[in-house]
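Numbering (UniProt numbering), first residue to last: 1 to 507.
C-beta atoms are modelled at their ideal positions from N, C-alpha and C, and glycine is treated no differently.
What follows is a single structure, written as structure tokens, with notes after it.
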């Protein structure tokens, strides 16, 4: 087993990288000497059978004395048992955290390949042993560390968050899905799965905002298609430039997203899954879809481009394991105003906008009557203020209540009293920067990944959306980050990267 295929430590970086020695720096000679019972000749030696100590209550008898299997041999044996039970299949992928790469996975491989190599020499060529000439398991997937509040999340530090706690944040609405918010964060908002990332409730809120953006496109797109069905006889045969652009965006998204998932996209540095690139393509199609709906009307365009865009996104989300609360959102919203797919938001918006419109009309009439008493005018003024507050609060939640009716973009000659919007609140960057300065600066540990620099410390909660490398794109109130603010943030990031290179901390 001395060939390169079955060499010990194959998970280590290439020798020419200069990191191979550091990869094996698992133990120290002092620790070995301090624990004489281990009797190691090398810090990297590992135990196949651990001798029973006086305090051990769980042990077995064996040719080597009483004891129990070593840490690594347990996993090798379990996998071997599974392979023998399911002889028609071969295990292709073995996953785990980056901290298991050495010594656990390295020694797990060594044990299994040594076992199969011995059987090969004894000419015991059973179906299970036939792949002894190959790699035991060809693909090994390792995830980066998860940080919380600047420290690695671990059971020993008691700073971990359970999946049950993450899922308990659901509001109960059928549109809401804490699980899908978490899936979206894992896919692309947390960076590469191989690199460390930082978890916080704010991060999941970012994922929720991003997911709501996708769902809003599904709802509006389905509503448009429904309206187009009723006007099918007016649909033109010739496509416009806008139709071609959306259809091309959909096909491009389908190709590039799948390429990112299998690691064959142009930007991929290795044959590896690129979740952030996949999500970037999907959100680019969502933006193109929203723009298409705003710029076109039913009866003047073919429904095919919009259908293709919706189908591409739904198929991708389904492939990635998202629930129907996300992948099928909006399918019934155009048919039933109380759709349980989107939580009945359409019906609720209708009720709220109608109620507000009637209250405003009553208050305005009172203000226009010349002989209205001062008390009545004061009451009317207060009612108008409450209506304005309701309008402003609704826009933050993604619902725009209109003071005057506007034409529907669907070309159905209807006037809109409300419409979905991007969660927004008018706040300029100067105010945001001033708020940041008022916050007490907190020292960031140099261990904070560069990708998370503007998500933790004094930046936590300031921004709601980020690009693939972790640069903010949207403020917490929904407004885009200005070019001047982004330029300053880039300089801070570059300074932080330089400090990381020299091992300093960032103030």
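Cα-Cα separation between residue i and residue j, rounded to whole angstroms
i           : j           : result
residue 276 : residue 261 : 10 Å
residue 511 : residue 166 : Any question about residue 511 goes unanswered here, given that the chain covers just 1 to 507.
residue 212 : residue 495 : 34 Å
residue 480 : residue 141 : 36 Å
residue 152 : residue 465 : 23 Å
residue 308 : residue 271 : 29 Å
residue 500 : residue 404 : 54 Å
residue 84  : residue 111 : 16 Å
residue 278 : residue 74  : 37 Å
residue 387 : residue 208 : 28 Å
residue 450 : residue 463 : 16 Å
residue 221 : residue 150 : 41 Å
residue 292 : residue 246 : 7 Å
residue 52  : residue 196 : 37 Å
residue 148 : residue 190 : 13 Å
residue 108 : residue 482 : 51 Å
residue 241 : residue 281 : 21 Å
residue 158 : residue 389 : 43 Å
residue 202 : residue 290 : 26 Å
residue 420 : residue 146 : 35 Å
residue 180 : residue 199 : 16 Å
residue 98  : residue 58  : 30 Å
residue 80  : residue 105 : 14 Å
residue 70  : residue 253 : 48 Å
residue 91  : residue 113 : 14 Å
residue 214 : residue 455 : 22 Å
residue 429 : residue 231 : Only weak support is given to the placement of residue 429: the predicted model assigns it a pLDDT of 45, under 50, and the question is left unresolved by the model.
residue 484 : residue 491 : 11 Å
Strand pairing of residue i, partner residues [DSSP]
i           : result
residue 198 : 147
residue 139 : 93
residue 67  : 51 and 60
residue 496 : None, per the DSSP bridge assignment.
residue 107 : In DSSP, residue 107 forms no bridge with anything.
residue 465 : 474
residue 480 : 474
Chain C within 9 Å of residue i, Cβ atoms only
i           : result
residue 309 : Any reference to chain C falls outside this structure, which holds one protein chain only.
Helix, strand or coil at residue i [DSSP, three-state]
i           : result
residue 329 : coil
residue 303 : coil
residue 8   : coil
residue 113 : helix
residue 403 : strand
residue 187 : helix
residue 158 : coil
residue 453 : coil
residue 488 : helix
residue 417 : strand
residue 152 : strand
residue 182 : helix
residue 372 : coil
residue 40  : coil
residue 83  : helix
residue 166 : helix
residue 46  : coil
residue 176 : coil
residue 459 : helix
residue 231 : coil
Buried versus exposed, by CB contacts within 10 Å (16 or more), residue i
i           : result
residue 138 : exposed
residue 396 : exposed
residue 136 : buried
residue 325 : buried
residue 497 : exposed
residue 472 : buried
residue 365 : exposed
residue 314 : buried
residue 475 : buried
residue 296 : buried
residue 224 : buried
residue 155 : exposed
residue 274 : buried
residue 42  : exposed
residue 457 : buried
residue 48  : exposed
residue 505 : Because residue 505 sits at a pLDDT of 43, beneath the cut-off of 50, its placement in the model cannot be relied upon, and the point is left open.
residue 192 : buried
residue 452 : buried
Near the ligand MG: residue i beta-carbon under 8 Å from a heavy atom
i           : result
residue 346 : No copy of the ligand MG appears in this structure; indeed no ligand is present at all.
In the segment 239-326, which residue ranges form an unbroken beta strand (DSSP E) of at least 3 residues, counting only runs that do not cross its ends? none
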